[in-house]
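>
Below is the structure:
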């Protein structure tokens, strides 16, 4: 055992120099920035005793907020799939004017401070907004409802789908489509069987990233959500609310559930992706 | 299935450069034709036009005497193998091969078991019976090649189009798959058009070779004719190693410019003036030099494929020549002599003249 550990640290005759240094740096970094905070998050809720935790789990407002967060993030990520695929397609295959500008704009939701996106969306879709007002006259209320949350999450999640699909699409040889056509496939069969099918792993990854981002999203949502408890209150906001009430146990309880569920979702996504991409690994 | 191409013209997109320049070609049913030429000669462009993958501006294209019809009509008649195989990476080999059957309308689609049986038949025909459940990423180049061929043949086409199908294979696999493909062509009664830039491959596999250059067909003949009577210096050069000697025709004699190369008589039809004589290394013969006259020094260069290779040292270049490898061949023990190039073909401005 000792031998094995020692040879592991020595690098076992690795040709690359600095193996031990690199390993130590990696472990230290992941330890400090990922593992330690996560441990704190897991341990903290129990500090006030099991009773406090049990009380927190009876909090229906919390479950409503969690449900709002997860279902909105799921829907937003789902809607982003066709949208992102289409955008990636246009970027890779389309020879449109202004393609470069569009390419740069796609990353904007990632770079923009989330509060800015939130205010922008609220201005646009609010009851008096440019788009919100005509929609309201048609009887569609976007702002201050679940629809608004999904919309905001779609806005921040879109780049994840586009950027995961794009490189895979770029590497998809064009002659696959020609081969399919020459084998008698109709255009829609070419799209579904030859283009979308090999993109599925990338789409699932994009979905997972957009979903994870959506669950944790705070700034861009709160301005448009209306934040009514039990209706349009998202879990991250409830954490802030609890903290302001000095209810640390309640806040960390929500955080813990968010963490576990997100982790589960990511594990699930990667399992699905691995399942879908068995064909990729040459043996 | 016969293919008839008449006066096909295709320009490069957005330019006046002609990718196909008035190309006409007739391929009768059952023929095995190779399109050869250097890169950019228009071979692949012509093949893609025949498949209907690319459009053309002028000319007609008939399959079995009829127009092309829609892409799906064509798909039933044509099997196409792409240069890099274009196998669907996310499908198993069996699904790849069955693709052409799977996309048929429900009424024409074979049953699941019939389709599986067809796939297994093809896998056995391709001599890879166990490859069905693997994904293309796990196959070797030669296996992928066979899968691509099986996929192209699954719907029972009568015309097989192959775009540089052996390009990515190692020499041994290449040679074996070549002979095997030829046998398959005959067994299935296919009409096959093959694009290659390897003239040896074309000579070995095809009944007819179409040499292309700059979007035009330079010569269209059997391998024997092509070797014996190349129409242009380009064809001569393209079909194998060749040496050229410039000289002048006068009084029915071709007189080479270089010392040490013997003059030789030419046909009366060759008009006097400068010409280029070209011949293959095994067509060069050696004659003993005259005492005190000009002579060319020979140096041995090993032996290959039943020939002894030599180099003749002319004034400013080396000419390779091969002599059948047997004891007592005319060059053995001779360090110098004269080159007899009387078996050369004569070209003037690149065109054959004698």
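Residue numbers (the working numbering), protein chains in the order written: chain S, 35 to 317; chain Z, 1265 to 1618.
Ideal placement from N, C-alpha and C gives every residue a C-beta, glycine not left out.
The segment 184-218 of chain S: which residues have C-beta closer than 8 angstroms to a C-beta of chain Z, in chain order?
Listed by position along the chain: 207, 209, 210, 212, 213, 214, 215, 216, 217 and 218.
> Along the chain, which unbroken stretches of the alpha helix (DSSP H) at least 4 residues long are found entirely within the segment 1412-1495 of chain Z?
Counting whole runs of 4 or more residues, the segment 1412-1495 of chain Z contains the alpha helix (DSSP H) stretches 1435-1452, 1463-1469 and 1487-1492.
> Under the assumption that residue 289 of chain S contacts residue 184 of chain S (Cβ atoms under 8 angstroms), give the Cβ distance between them as a whole number of angstroms.
About 23 angstroms separates the two Cβ atoms, so there is no contact after all.
> If I measure Cβ to Cβ from residue 257 of chain S and keep anything under 6 angstroms in the same chain, skipping five residues before and after, which residues do I get?
Taken in chain order, the residues that qualify are 152, 153 and 156.
> Need the endpoints of the alpha helix (DSSP H) that residue 1366 of chain Z sits in, please.
Run containing residue 1366 of chain Z: 1357-1366, per the alpha helix (DSSP H) assignment.
> Cβ of residue 1331 of chain Z versus every heavy atom of the ligand HEM: is any distance shorter than 6 angstroms?
Among the components of this structure there are no ligands whatsoever, and the ligand HEM is therefore not found.
> Give a yes or no on whether the minimum CB-CB distance between residue 222 of chain S and chain Z is below 7 angstroms.
For residue 222 of chain S, the answer is no, since every Cβ of chain Z falls outside 7 angstroms of its Cβ.
> So the beta strand (DSSP E) residue 1575 of chain Z belongs to, where does it begin and stop?
Its beta strand (DSSP E) spans residues 1571-1577.
> So residue 1367 of chain Z contacts chain C; which residues on that side make the cut at Cβ distance below 8 angstroms?
The structure shown contains no chain C; its protein chains are S and Z.
> Please report the straight-line C-alpha distance between residue 1548 of chain Z and residue 1587 of chain Z, rounded to a whole angstrom.
When rounded, the distance between both Cα atoms is 8 angstroms.
> With H, G and I counted as helix, E and B as strand and the rest as coil, what does DSSP make of residue 1537 of chain Z?
Residue 1537 of chain Z: strand per DSSP, three-state reduction.
> In terms of alpha-carbon separation, which member of Z:1326, Z:1287, Z:1324 and Z:1293 lies closest to residue 1308 of chain Z?
Here the closest residue by C-alpha is Z:1287.
> Need the endpoints of the beta strand (DSSP E) that residue 1549 of chain Z sits in, please.
Run containing residue 1549 of chain Z: 1549-1551, per the beta strand (DSSP E) assignment.
> Under 9 angstroms Cβ-Cβ, which residues of chain Z neighbour residue 314 of chain S?
Here the neighbours are 1353, 1354, 1399 and 1401.
> Taking the beta carbon of residue 236 of chain S as the centre, do at least 16 other beta carbons fall within 10 Å, making it buried, or is it exposed?
By the neighbour-count rule (16 or more Cβ atoms within 10 Å), residue 236 of chain S is buried.
> Expressed to the nearest angstrom, what Euclidean distance is found between the alpha-carbon atoms of residue 305 of chain S and residue 105 of chain S?
Rounded to whole angstroms, residue 305 of chain S to residue 105 of chain S spans 21 angstroms at the Cα level.
> What residues match up with residue 1615 of chain Z in a beta bridge as DSSP calls it?
The partner list for residue 1615 of chain Z (beta bridge, DSSP) reads Z:1496 and Z:1612.
> Indicate the three-state DSSP secondary structure (helix, strand or coil) for residue 175 of chain S in the structure shown.
It is coil, neither helix nor strand.
> Are the beta-carbon atoms belonging to residue 199 of chain S and residue 172 of chain S less than 7 angstroms from one another?
No. Outside cutoff.
> Within its chain, find whatever has a CB closer than 8 angstroms to the CB of residue 1470 of chain Z; leave out the 5 residues flanking it on each side and keep chain order.
Here the set comprises 1296, 1297, 1298, 1458 and 1487.
> Is it the case that the segment 1438-1451 of chain Z contacts the segment 1474-1483 of chain Z, given that we only count it when at least three CB pairs across the two stretches are under 8 angstroms?
Counting Cβ pairs under 8 angstroms, fewer than three are found: no touch.
> Hey, is residue 1336 of chain Z's beta-carbon within less than 7 angstroms of any beta-carbon in chain S?
Answer yes: the Cβ-Cβ gap between residue 1336 of chain Z and chain S drops below 7 angstroms somewhere.
> Would you tell me roughly how many angstroms separate the C-alpha atoms of residue 1567 of chain Z and residue 1312 of chain Z, rounded to the nearest one?
Going by the C-alpha atoms only, they are around 42 angstroms apart.
> What are the boundary residues of the beta strand (DSSP E) that includes residue 1213 of chain Z?
Only positions 1265 to 1618 of chain Z appear in the structure, and residue 1213 of chain Z is not among them; the question remains open.
> At 8 angstroms on the CB atoms, spell out the chain Z contacts of residue 51 of chain S, in chain order.
Correct list: empty, because the minimum Cβ distance to chain Z is about 33 angstroms.
> Which residues in chain S sit within 8 angstroms of residue 1350 of chain Z, going by Cβ to Cβ distance?
In chain order: 207, 209, 210, 212 and 213.
> Which two residues bound the contiguous beta strand (DSSP E) that contains residue 1402 of chain Z?
No beta strand (DSSP E) contains residue 1402 of chain Z, which DSSP labels as neither H nor E.
> In whole angstroms, what separates the C-alpha of residue 220 of chain S from that of residue 1367 of chain Z?
Straight-line Cα distance between these residues: approximately 8 angstroms.
> Using DSSP's beta-bridge definition, name the partner residues of residue 1330 of chain Z.
DSSP, once it has assigned bridges, lists Z:1327 as partnering residue 1330 of chain Z.
> Quick one: list the residues of chain S neighbouring residue 1472 of chain Z, beta-carbon separation under 7 angstroms, in chain order.
Simply none; closest approach about 24 angstroms.
> With a CB to CB cut of under 7 angstroms and the five nearest residues on each side skipped, what residues in its chain are close to residue 1560 of chain Z?
Answer for residue 1560 of chain Z: 1524, 1576, 1577, 1578, 1600, 1601, 1602 and 1603, listed in chain order.
> Should the segment 1496-1514 of chain Z be called in touch with the segment 1522-1538 of chain Z, which here means at least 3 C-beta pairs below 8 angstroms?
At 8 angstroms Cβ cutoff, the stretches touch.
> With a threshold of 6 angstroms on Cβ separation, who are the neighbours of residue 244 of chain S within its own chain once the five nearest residues in sequence on each side are excluded?
Excluding positions up to five away in sequence, the list reads 111, 114, 191, 194 and 195.
> Along the segment 115-131 of chain S, what residues have a CB closer than 8 angstroms to any CB found in chain Z?
Against chain Z - using a Cβ distance shorter than 8 angstroms - the segment 115-131 of chain S contributes no residues.
> In the DSSP output, what is residue 1586 of chain Z paired with across the bridge?
Residue 1586 of chain Z is bridged to Z:1573.
> Does the distance from the CB of residue 1414 of chain Z to the CB of residue 1345 of chain Z come in under 7 angstroms?
Going by C-beta atoms, residue 1414 of chain Z is not nearer than 7 angstroms to residue 1345 of chain Z.
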